[in-house]
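Reviewing the structure listed below.
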Amino acid sequence: MRRHRFMIQLIRGFKDILPNEIELWKHIEQTAITLFESFGFRQIRVPILEKAALFQRSIGEHTDIVEKEMYTFPTEKGELITLRPEATASIVRAYLQQRMYAKDPIQKLYTLGPMFRKERPQKGRYRQFYQINAEVFGIESPYIDAQMIFMLTRFFRQLSITGLEVHLNSLGCPLCRPAFKKALSGMLMEKGDALCSECIRRRDTNPLRVLDCKRPGCQSVVENAPAITDYLCDDCARHFDRVKACLERMGIPYVVSPRLVRGLDYYTRTAFEIQTRELGAQNAVAGGGRYDTLVEALGGPSQPAVGFAVGLDRLVDLALTKTRASELTPDIFIAAMGEAAQEKAFEWSCELGREGIKTEIDFSDRSLKALMKRANRLGAGYVLMVGDQELDRGTAVLRNMRTREQTEIALSGVLGGVKSQLRAASDGRPHGDSQL
RNA sequence: GUGAGAGUAGCUCAGUUGGCAGAGCACCAGGUUGUGGCCCUGGUGGCCGUGGGUUCAAGUCCCAUCUCUCACCCCA
């Protein structure tokens, strides 16, 4: 195979997802869709490309995402457009532009699809990655914050993913956060000698980000920094207490992480992250929180909102360590020998496929032994054999690959015979992809 | 963006001080003239990631580049 010279490879950090793995993706997506809809969420689909300004305004100019991770291109007219690095901004945009709030300010929406960030690829981190997002607009109550976290834990439970931790924090609101910011940056000014260069810059632009810098020097500085939860105003404190109480009531364990700060500017009050220890450095499988000021900041009415994003790629990685990627095995394999038999077999395969029976057929003119080997490798439950002998006798042979039993079926009644055999076999045992 | 490791058959990997490109699995065929899994025999398959350089000679040494992996960073 001389192909390297001309072979074009995929872009760094991008990947192909092959059929075997897709079964798992579909299962995860379907689980989310069913669950979210039972909680009253409806699907929305928004574009992958948006104007760059949308993300600059929503995510924040001084975030890593906007400063260095976005795929941004100029159009012919010179307008900057961006491959979305996250979905919330687009959903808010749609909520406003389509005036969804006018019909009903309360909207519960979910979406799923690819996001793009130009980071250095790593385990669990890709430049095109997939998220499932859920957002609630128009509800300020802490109950909904807790319910979304509850819904997430249900989701992971349904996928049999264990060993997760809920990390929780409150980031305050425009009323109380400034006081905390002031206290924090004052403290960072005093004791900031050990800060890394990045954090010295952040100290002015976005002091909260210094809190979750993982460098030892910054950690030690931050160790006895004031906790934001001590600065919350009465409303924010009550809100936070309520969220915690609800989680306790629903039996969801959580850890309050005062240093948990979201990488996006728009968050207020509740912030949370769901982490695992099994994925190395990229330990967040879901993250989200409240963003009560974003809708208004993007030019809409003042409406509170909460949301989260689940990292699908990481979920798949986790699930792959538990369950093996599944093969989709055919119900029946048709082994046809000779020209005349293949003609019959072709018709049967079309008919059986139309009936919803997973049918595999090999049109290469090979020995029965070779065809049987292939049927076995594909994991076919049955093999239907037909050749000149069978055509002369007016029958085909149906072999149960598990029990090795063979029965003869009249050529005229092949479809009915195969169907009744398959039905009889599947009655006794569980069928299909139940091991997921 | 920074650092470290790796790229040889479809897959997992050997390859000595630079000297004819290897194994296991998989695949194909035969053993069994029409019956799978086990076994035996044989076979197909490689510009050694790509491009340059050093050398009589490069999978091996040097440079560049691409991709992967892990970490920093960041987050889903």
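Numbers in this note's numbering are just positions in the first sequence, counted from 1, shifted up by 23.
Even for Gly, the Cβ is constructed at its ideal location relative to N, Cα and C.
Source: prediction; values computed, not measured.
Between residue i and residue j, how many whole angstroms is the CB-CB distance? I'm expecting something under 8 Å.
| i | j | result |
| --- | --- | --- |
| Ile67 | Thr134 | 5 Å |
| Ala332 | Val318 | In fact, because the Cβ distance is near 17 Å, the residues do not count as touching under 8 Å. |
| Cys259 | Arg292 | 6 Å |
| Arg150 | Arg35 | 7 Å |
| Val189 | Val278 | 7 Å |
| Ile155 | Ala55 | 5 Å |
| Arg107 | Glu84 | Between Glu84 and Arg107 the Cβ distance is about 17 Å, and since that is not below 8 Å, they are no contact. |
| Leu47 | Asp39 | Rounded, the Cβ-Cβ distance is 15 Å, inconsistent with contact. |
| Thr95 | Thr105 | 5 Å |
| Ile357 | Leu283 | That belief does not hold up - the Cβ atoms of Ile357 and Leu283 are roughly 58 Å apart, past 8 Å. |
| Thr316 | Pro201 | Rounded, the Cβ-Cβ distance is 13 Å, inconsistent with contact. |
| Phe37 | Ala157 | No, Phe37 and Ala157 are not in contact; Cβ-Cβ is about 26 Å, not under 8 Å. |
Quick one, which of the options has its alpha-carbon nearest residue i's?
| i | options | result |
| --- | --- | --- |
| Glu296 | Gly312, Gly303 and Ala304 | Gly312 |
| Met210 | Ile184, Asn247 and Thr185 | Asn247 |
| Ala447 | Asp354, Gln365 and Lys100 | Asp354 |
| Gly330 | Ile384, Glu428 and Pro165 | Pro165 |
| Gln53 | Asp235, Thr316, Asn229 and Leu335 | Leu335 |
| Val69 | Phe37, Phe152 and Thr111 | Thr111 |
| Ala250 | Val233, Gly63 and Thr176 | Val233 |
| Asp264 | Leu231, Gln79 and Asn192 | Asn192 |
| Tyr153 | Arg177, Leu132 and Glu109 | Glu109 |
| His262 | Ser390, Gly410, Ile162 and Gln145 | Ile162 |
| Val308 | Glu60, Gly63 and Ile172 | Ile172 |
| Asn399 | Thr352, Ile184, Leu77 and Phe64 | Thr352 |
| Leu182 | Glu99, Gln79 and Leu343 | Leu343 |
| Ser390 | Val244, Glu374 and Gly410 | Gly410 |
| Gly286 | Asp235, Asp315, Arg177 and Gly101 | Asp235 |
| Phe64 | Phe37, Lys131, Gln120 and Val89 | Lys131 |
| Lys214 | Asn229, Thr228, Leu194 and Gln242 | Gln242 |
| Cys373 | Ile71, Leu438 and Thr98 | Leu438 |
| Ala125 | Gly323, Val420 and Ala364 | Gly323 |
| Thr252 | Arg226, Ser220, Phe203 and Ala419 | Phe203 |
| Met395 | Val420, Glu362, Arg377 and Arg416 | Val420 |
| Lys91 | Ala75, Gly101 and Lys100 | Ala75 |
Using the Cβ count rule (16 or more neighbours within 10 Å means buried), how would you classify residue i?
| i | result |
| --- | --- |
| Ser449 | exposed |
| Asp288 | buried |
| Glu413 | buried |
| Met93 | buried |
| Asp168 | buried |
| Gln273 | According to the sequence shown, residue 273 is Met rather than Gln. Counting Cβ neighbours within 10 Å, Met273 comes out exposed, since fewer than 16 surround it. |
| Gln326 | buried |
| Ile31 | exposed |
| Thr430 | exposed |
| Cys222 | buried |
| Gly310 | buried |
| Lys392 | exposed |
| Asn43 | exposed |
| Leu187 | buried |
| Val441 | buried |
| Gln79 | buried |
| Thr176 | buried |
| Leu103 | exposed |
| Cys199 | buried |
| Ser195 | Reading off the sequence shown, one finds Gly at residue 195, where the question assumed Ser. It is buried - the Cβ of Gly195 has at least 16 other Cβ atoms within 10 Å. |
| Arg180 | exposed |
| Leu207 | buried |
| Thr418 | buried |
| Arg225 | buried |
Going by DSSP, name the residue or residues bridged to residue i.
| i | result |
| --- | --- |
| Asp330 | The identity of residue 330 in the sequence shown is Gly, whereas the question assumes Asp. According to DSSP, Gly330 bridges with Glu158 and Gly312. |
| Met212 | Answer is none; Met212 lacks a bridge partner. |
| Leu138 | With the sequence shown as reference, residue 138 is identified as Met, and Leu is not the correct amino acid for it. Phe152. |
| Lys131 | Val159 |
| Glu296 | His190 and Gly310 |
| Arg422 | Val406 and Gln429 |
| Phe96 | Ile104 |
| Lys74 | Ile104 |
| Ile223 | In the DSSP output, where bridge partners are listed per residue, Ile223 has none listed. |
| Ile355 | Thr382 and Tyr405 |
| Arg65 | Leu132 |
| Thr291 | Arg313 |
Cβ contact (3+ pairs, closer than 8 Å) linking the segment 116-125 and the segment 332-346: no
Stretch-stretch touch, CB-based, cutoff 8 Å, three pairs: the segment 345-364 with the segment 126-144: no
Three or more C-beta pairs below 8 Å linking the segment 415-433 and the segment 397-406: Counting C-beta pairs closer than 8 Å gives three or more between the segment 415-433 and the segment 397-406, which meets the contact rule.
Touching by the beta-carbon criterion (3+ pairs, under 8 Å), the segment 381-401 and the segment 353-370: yes
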